[in-house]
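Notes to accompany the following structure.
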């Protein structure tokens with residue numbers, strides 16, 4: 001038995017899901033957005049946007065409002081990727097646009113825009129199952145007050161690396177076998193730092209800030225020899241013997 005119908009259902013109210021919902025609303029399509037969290041998360045995640053998405057925000061009149069800048073976005077002359085400096089000076093069409101903004105704030109701003117565009121945004125409503133048909137998708141939803149079913153023409157999985165939507169339709173998304181860090185990390189003191197589950201922010205004397213969400217050892221890094229992929233939950237087993245920096 002179907003309780004509701006919708007043209008488009010988006011599972012996940014992160015930046016991608018909310019931005020898509022806003023774009024659909026501008027095209028006079030009323031999407032339904034589901035997210036299992038009770039509201040926007042304050043957990044530190046990404047700290048900015050990079051690439052053409054910044055220009056897209058400007059095209060929609062959101063860059064100045066979101067960033068607080070006085071002018072349009074300008075491409076960056078260079079970038080640091082995995083401790084390698086990249087030089088974009090002289091490129092005919094430099095794609096490296098950036099906008100610094102913590103992801104929790106970006107989600108709050110996009111959620112407000114979605115509400116202003118009359119998007120049906122349901123926090124605390126979790127997609128728990130789906131059944132794909134030839135021309136529609138039946139989905140099961142769980143919420144604090146009731147469980148219900150929705151029939152939709154399109155279902156969008158914007159629910160993260162371990163997406164239930166992706167898994168349900170059999171699409172793999174394995175993680176590469178590499179150390180779980182990239183960049184140019186530096187530790188001085190203490191020799192070992194254990195970070196709480198929700199992550200934290202540290203600041204050095206030069207004013208650089210680093211968001212961390214894992215334990216760090218100053219003398220060595222300890223990537224697992226068998227990292228979990230995005231098709232399964234991360235392992236809680238202790239790391240293997242540390243390797244040299």
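Residue numbers (the UniProt record's numbering): 1 to 245. For every residue, glycine included, the Cβ atom is placed at its ideal position computed from N, Cα and C.
(1) Should the stretch 91-108 be called in touch with the stretch 62-76, which here means at least 3 C-beta pairs below 8 Å?
(2) Determine whether the beta carbon atoms of residue 35 and residue 13 lie at a separation below 8 Å.
(3) Just curious, the beta strand (DSSP E) that residue 11 is in, first and last residue?
(4) Report the start-end ranges of each beta strand (DSSP E) in the stretch 97-184 that is 3 residues or longer and not cut off at the edges.
(5) How is residue 50 classed by DSSP in three states: helix, strand or coil?
(6) How big is the Cα-Cα spacing for residue 78 and residue 163?
(7) Is it right to say residue 103 is buried, meaning 16 or more other beta carbons lie within 10 angstroms of its own, or is it exposed?
(8) Which partner residues does residue 85 have in the DSSP bridge list?
(9) Here's a check: name, in chain order, each residue in its chain whose Cβ is nearer than 6 Å to the Cβ of residue 121, leaving out the five neighbours to either side.
(10) Tell me residue 75's beta-bridge partners as DSSP assigns them.
(11) Below 6 Å CB to CB, which residues in the same chain sit around residue 49 once its five sequence neighbours on both sides are set aside?
(12) Within 10 Å of its beta-carbon, does residue 171 have 16 or more other beta-carbons around it, so buried, or fewer, so exposed?
(13) Cα separation between residue 16 and residue 138?
(14) Helix, strand or coil for residue 37? Go by DSSP, reduced to three states.
(15) Tell me the DSSP secondary structure of residue 64 in three-state form.
(16) Are the stretch 80-87 and the stretch 42-58 touching by the rule of at least three beta carbon pairs closer than 8 Å?
(17) Is it right to say residue 11 is buried, meaning 16 or more other beta carbons lie within 10 angstroms of its own, or is it exposed?
(18) Under the assumption that residue 141 contacts residue 155 (Cβ atoms under 8 Å), give the Cβ distance between them as a whole number of angstroms.
(19) Quick one, are the C-beta atoms of residue 1 and residue 149 less than 8 Å apart?
(20) Between which residues of its own chain and residue 41 is the CB-CB distance below 8 Å, once the five residues before and five after are set aside?
(21) Here's the rule I'm using: 16 or more other beta-carbon atoms within 10 Å means buried, otherwise exposed. How should residue 26 be labelled?
This is what the structure holds:
(1) yes
(2) yes
(3) 4-11
(4) The stretch 97-184 is shown to contain whole beta strand (DSSP E) runs of 3 or more residues at 98-100, 120-123, 126-132, 137-142, 147-157, in chain order.
(5) strand
(6) Cα to Cα, residue 78 sits roughly 33 Å from residue 163.
(7) buried
(8) 80
(9) Shown here for residue 121: same chain residues with a beta carbon closer than 6 Å to its own, the five before and five after excluded, namely 33, 114 in chain order.
(10) 97
(11) 99
(12) Exposed is the call here.
(13) 22 Å
(14) coil
(15) helix
(16) Counting Cβ pairs under 8 Å, fewer than three are found: no touch.
(17) Under this definition residue 11 is a buried residue.
(18) At roughly 11 Å, the Cβ-Cβ gap does not stay under 8 Å, so residue 141 and residue 155 are not in contact.
(19) yes
(20) 104, 107
(21) exposed
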